[in-house]
Each structure stands twice: as C-alpha cells, then as structure tokens.
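Down below is the structure, laid out as structure tokens.
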Amino acid sequence: MENDAKHNSENLSRRGFAAAAAGAATWILTSCGPKRLYEVPKDRLRTKISELEQRYQQRYHEHINVADTQPMAGVEYAYALDLSRCIGCRRCVYACVAENNQSRDPQIQWIRVLSMEKEKGVDLAHADPYYNPPEVPEEGHFYMPVQCQHCENPPCTKVCPTAATWKERDGIVVIDYDWCIGCRYCMAACPYGARHFNWAEPEIPTAEINPNTHYLGNRPRTKGVVEKCTFCIQRTRTGRYPACEEVCPVGARKFGNLLDAGSEIRYIIEHKRVFVLKEDLNTVPRFFYFYAT
Numbered sequence: 070m071e072n073d074a075k076h077n078s079e080n081l082s083r084r085g086f087a088a089a090a091a092g093a094a095t096w097i098l099t100s101c102g103p104k105r106l107y108e109v110p111k112d113r114l115r116t117k118i119s120e121l122e123q124r125y126q127q128r129y130h131e132h133i134n135v136a137d138t139q140p141m142a143g144v145e146y147a148y149a150l151d152l153s154r155c156i157g158c159r160r161c162v163y164a165c166v167a168e169n170n171q172s173r174d175p176q177i178q179w180i181r182v183l184s185m186e187k188e189k190g191v192d193l194a195h196a197d198p199y200y201n202p203p204e205v206p207e208e209g210h211f212y213m214p215v216q217c218q219h220c221e222n223p224p225c226t227k228v229c230p231t232a233a234t235w236k237e238r239d240g241i242v243v244i245d246y247d248w249c250i251g252c253r254y255c256m257a258a259c260p261y262g263a264r265h266f267n268w269a270e271p272e273i274p275t276a277e278i279n280p281n282t283h284y285l286g287n288r289p290r291t292k293g294v295v296e297k298c299t300f301c302i303q304r305t306r307t308g309r310y311p312a313c314e315e316v317c318p319v320g321a322r323k324f325g326n327l328l329d330a331g332s333e334i335r336y337i338i339e340h341k342r343v344f345v346l347k348e349d350l351n352t353v354p355r356f357f358y359f360y361a362t
C-alpha cells in the first residue's frame, strides 16, 4: 500500500510538473511572441535583423537587405483575379518563386493554377493543377490561380501553438519563421491549401537570390518551417505591386487598397460579378474572383 501511494504521488507530481512547464512555455511564447515584433525596442530589432543579414551574407556571399517596413496607415490590401482573362500560362507562379526566394530543389510554389472545364464551371473536385497541354489556353478550359486568401477571419492563425502567424493591420497574414516550430497545424486548418512546408533545406542558387527582402516575407527560410504568399510584403508596403500582378501578360490580376473608394479593386467589387472561394466557411477572404465579360 505504501508503495502504491508513493507511486501515485510520484505520478501526480510528474503530471503537475508537466502541466506547470507547459503553462510556463505557453506564457513565454505568447507574452513575448511575434505579435509584439514592432513593439520591441528599435535597437533590439535592428540587432536581430543585422544578425540575419550577416548569416545570409555568409551563406549566399551577397548582401541581403532585411527590411521591417510597417503597415501604412489607411491601407487594407485586397486582390482580384479575372477568370475570363487568365490563360493559364503560369508566369505568375514563377515570378512569385523568383521574387520570394522559394526553394528550387525541392521545388516550392506558393501559387497553384487549376485547369477547369468550362462546361462544369468552378468545380474544385475535378480541377487539374498538373495540366500540361501543348498550348494554353486549352480549348474548352479556363484557369483559376489559387494562393493565400489573406482572410479577414483566418483559421490558420487560431491554431498556431506559438503565435507565429497572425494578421497585420493592412490585412496581410504573415509568419515569423523564427517562431514557427513546423507543427503544420496551420496547414491542416487552411481550407485553401495555401501553406507550404520546407521538408528539406531550401535550395536557392546564389545568382537567383532576391536581395530585397522583408523580415515577415521573402527572407530566406530554413528547413522545417511553413511559408506562404504575403502579397509580396517587401514590395507592396513600399507602394509597388506584387510580382505576380506585374508579370501577368493579359492583365487578369488586380491589386489595391480596399479603403480607397476610387481604387480599381473597389470598382471591381462594386461593379463586377464577384465571388470568393468556400464562402460558406466564413473565412472572409480578401482574394476576389470575378468575370469581366
């Protein structure tokens, strides 16, 4: 009996210690977490960024600038895509890869382009992301690029145990790679398949590295973290368009400020046949699909 009581007491002590340790870890991660990225003293932030730049210099033998540009006041970004214009050329995919320093081997792409039959309409169950006809657009087909929807109510941010991902004031859903532990809960929670995991050390040829990066965007990542589209945060927060928007040869992609009543994005939302993916899930995407004709 004494041995049983001692054994039970030890088990309770262990459970109590484990619970206390888990609680302490959670407090540390959430109280000091990445949502306070811009609340830390500027000198500490610059020291952190300087250390990153030195690390990248050693690896790529080139100076990689890591910016920490903050959201602009009065700006909430949104994207629109004209399904009647998209020709499925995938130029947006590879412009995104080059701009955002995505791994070439193993290959990681933040944008998927789906081929669909016009007779069936938008039918995700029968969409083909691996289409490879001799020429595009293929007769009887249309194309739907899918990437992070930057939801107003993002389910991915709610499941992260380290608060490594969150929505910024300008609507961009970001990830702090230094806080990501690679659990992939966010990937399971995202209904759009928009998050991607680095299974191996990312391979980016030095000659192809984009040296203009952002701490919460396209800075080189390490093995074992999740990454995704950030609306080219390193570009858009300085007044430029995303790389995928600029490269589109048919003008199917539109990007702008939802709060600007005179912007093209507002005109599209108010005057075109607009819809969002999986509206019933109440994620409230900031990525709108429309038909111009």
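For the sequence shown, our numbering begins at 70 and goes up steadily by one. Beta carbons are placed, not taken as given, at the ideal position from N, Cα and C, and that holds for glycine. Computed from a prediction, not measured in an experiment: that's the story for all the values here.
Cβ-Cβ separation between R115 and A361: approximately 45 Å, too far for a contact (criterion under 8 Å).
An exposed status is given to P280, since fewer than 16 other beta-carbon atoms sit within 10 Å of its beta-carbon. Considered as a whole, the segment 325-354 harbours 342-344 as its complete beta strand (DSSP E) runs of no fewer than 3 residues, in chain order. In the DSSP annotation of this structure, the continuous segment of the beta strand (DSSP E) that includes M185 starts and ends at R181 to E186.
Counting C-beta atoms within 10 angstroms of its own C-beta, W235 has 16 or more neighbours from the protein chains shown and is therefore classed as buried. Between M141 and R306 a beta carbon distance of about 7 Å is seen, short of the 8 Å cut, so the two are scored as contacting. Taking P175 as reference, the option from P110, C225, L350 and F266 with the minimal CA-CA separation is F266. Shortest Cα-Cα distance from F356 to any of A330, G325, D329 and H340 involves G325.
Nearest neighbour of V144 by Cα position, chosen from D329, V135 and Y254, turns out to be D329. Beta-bridge pairing by DSSP links I244 to T234. Looking at the backbone, the Cα of G251 and that of K189 are separated by about 37 Å. Here DSSP, grouped into helix, strand and coil, assigns Q176 to strand. For V135 against R304, the beta-carbon gap comes to about 14 Å, at or over 8 Å, which does not count as contact.
Under the 10 Å beta carbon count, G308 is surrounded by fewer than 16 other beta carbons and is classified as exposed. If the five residues before and after N169 are omitted, its C-beta is found closer than 6 Å to the C-beta atoms of N287, all from its own chain and listed in chain order. C217 places its beta carbon 8 Å or farther from that of C313. Apart from sequence neighbours up to five positions away, the residues of its chain that approach R159 with a beta-carbon distance below 7 Å are V182, ordered along the chain. Residue burial is scored here from C-beta neighbours: G331 has fewer than 16 other C-beta atoms within 10 angstroms and is therefore classed as exposed. W268 is classed as exposed because its beta carbon has fewer than 16 other beta carbons within 10 Å across all chains shown. The alpha-carbon separation between P260 and Y200 amounts to approximately 22 Å. For Y261, there is no enclosing alpha helix (DSSP H), since its DSSP letter is neither H nor E. Rounded to whole angstroms, the separation of the alpha carbons of F211 and Y246 is 35 Å.
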